[in-house]
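Read through the structure below, which is laid out as structure tokens, and then see the notes.
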Amino acid sequence: MSGVRRDAAVWPGLAPALIVCAAAPAFFVLRIAWLGWVLLAVGIGAAWFIERGRSRQGEVVSVGARRSTARAIGIRQEPSLTRDLALIALGLLIVSVIPLAAELDNPAMLRFTLALGGAVAAPYLVSRYVFRDRAISFPWRARRPWGRLQWSWLIAVLILGWLILPFYFITSGVYQNWPVVDSPELIARLFVGVGAVGIWDELFFICTVFALLRRHFPDALANALQAIVFVSFLWELGYRAWGPVLTIPFALLQGFIFLRTHSLAYVVTVHLLFDAVVFAVLVHAHNPGLLPIFLV
Numbered sequence: 001m002s003g004v005r006r007d008a009a010v011w012p013g014l015a016p017a018l019i020v021c022a023a024a025p026a027f028f029v030l031r032i033a034w035l036g037w038v039l040l041a042v043g044i045g046a047a048w049f050i051e052r053g054r055s056r057q058g059e060v061v062s063v064g065a066r067r068s069t070a071r072a073i074g075i076r077q078e079p080s081l082t083r084d085l086a087l088i089a090l091g092l093l094i095v096s097v098i099p100l101a102a103e104l105d106n107p108a109m110l111r112f113t114l115a116l117g118g119a120v121a122a123p124y125l126v127s128r129y130v131f132r133d134r135a136i137s138f139p140w141r142a143r144r145p146w147g148r149l150q151w152s153w154l155i156a157v158l159i160l161g162w163l164i165l166p167f168y169f170i171t172s173g174v175y176q177n178w179p180v181v182d183s184p185e186l187i188a189r190l191f192v193g194v195g196a197v198g199i200w201d202e203l204f205f206i207c208t209v210f211a212l213l214r215r216h217f218p219d220a221l222a223n224a225l226q227a228i229v230f231v232s233f234l235w236e237l238g239y240r241a242w243g244p245v246l247t248i249p250f251a252l253l254q255g256f257i258f259l260r261t262h263s264l265a266y267v268v269t270v271h272l273l274f275d276a277v278v279f280a281v282l283v284h285a286h287n288p289g290l291l292p293i294f295l296v
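If you count the sequence shown from 1, position 264 lands on 264 in this note's numbering, and the numbers rise without skipping.
Written as structure tokens, this is what we have:
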């Protein structure tokens, strides 16, 4: 999925990609919608300008020529940074149209379903049926069975979550960014919501944003860029205060794990185990004594 990358093309393309990714904190941290729109437009425009300049200098051929050549000799066409950043921008724009404050009523859950679902579906459909490439895919199974290290990490996620998350949520007070869950129905809704958003995180940030960026940048750089988007979303969702101390390593680790396993199933499992602890902590924080399994 990493696509074709030219070393000479990495650094000029970094600025447009960074500008597009910077739209995420504009939308989700600063909550300045117009700034996010401007950053997306500037980033995509800069990518187009750079690629057009290369085309004029004969470094790359035109999009039409690439397609014709690819069809004629059966090779993969060189990915376009402009198009791939536009796909990321499309997803960000769709997510940004709704408030991301955690709510559990029917209208809020419907808004989340439509917006988050659209943010994954729209870039995929445009990539597949408009651009006619397979830039975005969702490789569910690993290339090989999970080994001892993978199973050990799943256990470690539960232990680390049990040790760290109650201290973070309760001492910082960020658990109040989630609604009070004091009935079986609300607890069930919270369980569904936390899990669904966790699955979406991997579909969008890893299989969409990270996959598109890897077509143009080294893996470590692409991972750092996707983490900007990932962490910004989590901030508005409620992981504030000193939350980025936890969410930045988590976002980077998820990208790294995906590179090693090539398995959406595995990164989703990791995320769901983490979110299972988040869910339990939120229930515990809003209902002291209901789940007496934490140290805080």
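Where is the CB? At the ideal position from N, CA and C, for every residue including glycine. Only a predicted model underlies this, so the values are computations on that prediction, with no experimental measurement involved.
Which same chain residues end up closer than 7 Å to D275 when comparing Cβ atoms and leaving out the 5 residues on each side of it in sequence? As a position in the sequence shown, residue 275 is number 275, starting the count at 1. Contacts found: V194, G195, G198.
Length of the line joining the Cα atoms of A23 and I228: Here residue 23 refers to the residue found at position 23 when the sequence shown is read from its first residue. Here residue 228 refers to the residue found at position 228 when the sequence shown is read from its first residue. Answer to the nearest angstrom: the Cα atoms are 9 Å apart.
Counting only runs that start and end within the region 194 to 242, where is the beta strand (DSSP E) found for 3 or more residues in a row? none
Reference A46; option with closest CA among L85, I32, V29: Along the sequence shown, one-based indexing puts residue 46 at 46. Among L85, I32, V29, the Cα nearest to that of A46 is on L85.
Just verifying my parser: in three-state terms, what is the DSSP assignment at L273? Counting from one through the sequence shown, the residue named residue 273 turns up at place 273. DSSP places L273 in helix when its eight states are reduced to three.
Is it true that the region 235 to 255 meets the region 140 to 149, where meeting means three or more beta-carbon pairs spaced less than 8 Å apart? no
How big is the Cα-Cα spacing for A156 and V277? Taking the sequence shown and counting its residues from 1, the one referred to as residue 156 is at position 156. Taking the sequence shown and counting its residues from 1, the one referred to as residue 277 is at position 277. Going from the Cα of A156 to the Cα of V277 covers about 12 Å.
Report the rounded CA-to-CA distance for H286 versus A108, giving the unit in angstroms. Translated into the one-based positions of the sequence shown, residue 286 becomes position 286. Translated into the one-based positions of the sequence shown, residue 108 becomes position 108. Taking the straight line from one Cα to the other gives about 20 Å.
Taking just the CA atoms, how far does P244 sit from V283? Working through the sequence shown from its first residue, we reach residue 283 at position 283. Working through the sequence shown from its first residue, we reach residue 244 at position 244. C-alpha of V283 to C-alpha of P244: approximately 22 Å in a straight line.
Pull up the CB-CB distance for A119 and I94, whole angstroms please, since I reckon it's below 8 Å. Position 119 of the sequence shown, counted from the start, is the residue given in the question as residue 119. Position 94 of the sequence shown, counted from the start, is the residue given in the question as residue 94. The C-beta distance from A119 to I94 rounds to 4 Å, short enough to meet the 8 Å contact threshold.
Between the C-alpha atoms of R31 and T269, what's the straight-line distance to the nearest angstrom? Working through the sequence shown from its first residue, we reach residue 31 at position 31. Working through the sequence shown from its first residue, we reach residue 269 at position 269. Looking at the two C-alpha atoms, the distance is approximately 31 Å.
Could you compute how far the alpha carbon of G43 sits from the alpha carbon of L225? Position 43 of the sequence shown, counted from the first residue, corresponds to residue 43. Position 225 of the sequence shown, counted from the first residue, corresponds to residue 225. Each residue's Cα considered, the two are about 13 Å apart.
Verify whether the separation of the beta carbon atoms of L259 and D201 is less than 7 Å. Translated into positions along the sequence shown, residue 259 becomes position 259. Translated into positions along the sequence shown, residue 201 becomes position 201. Not a contact, by the Cβ cut-off of 7 Å.
By the three-class DSSP mapping on this structure, what secondary structure does P288 have? Against the sequence shown, residue 288 aligns to sequence position 288. Secondary structure at P288: coil, using DSSP grouped into helix, strand and coil.
Roughly how many angstroms separate the alpha carbons of H216 and I206, rounded to a whole number? In the sequence shown, counting from the first residue as 1, residue 216 sits at position 216. In the sequence shown, counting from the first residue as 1, residue 206 sits at position 206. Their backbone Cα atoms lie some 15 Å apart in a straight line.
According to DSSP, is V157 part of a helix, a strand, or is it coil? Locating residue 157 in the sequence shown gives position 157, where the first residue counts as 1. It is helical.
For F250, report the span of its alpha helix (DSSP H) as first-last. For the purposes of this step, residue 250 is taken as the residue at position 250 of the sequence shown. 244 to 261 is the extent of the alpha helix (DSSP H) around F250.
Closest by C-alpha distance to L165, when choosing among F49, L18, V20, L273: Here residue 165 refers to the residue found at position 165 of the sequence shown. If we check each option's Cα against that of L165, L273 comes out closest.
For P79, name the three-state secondary structure that DSSP assigns. Position 79 of the sequence shown holds residue 79. Coil at P79, not helix or strand.
Could you check if F49 is buried or exposed, using at least 16 other CB atoms within 10 Å of its CB as the buried criterion? As a position in the sequence shown, residue 49 is number 49, starting the count at 1. Per the 10 Å Cβ criterion, exposed.
Go through its chain and collect everything with a Cβ distance to V267's Cβ below 8 Å, but skip five positions before and after it. The count along the sequence shown starts at 1 and reaches residue 267 at position 267. Cβ neighbours of V267 beyond the five flanking positions: E202, I206, Q254, I257, F258, T261.
Taking buried to mean at least 16 other C-beta atoms within 10 Å of its own C-beta, is P16 buried or exposed? Locating residue 16 in the sequence shown gives position 16, counting from the first residue. Buried, since its Cβ has 16 or more Cβ neighbours within 10 Å.
Would you please verify whether the beta carbon of F204 is less than 7 Å from any beta carbon of chain C? Chain labels in this structure do not include chain C; a single protein chain is all it has.
What is the residue span of the alpha helix (DSSP H) that P123 lies within? Position 123 of the sequence shown holds residue 123. Where P123 is concerned, the enclosing alpha helix (DSSP H) stretches over 106 to 125.
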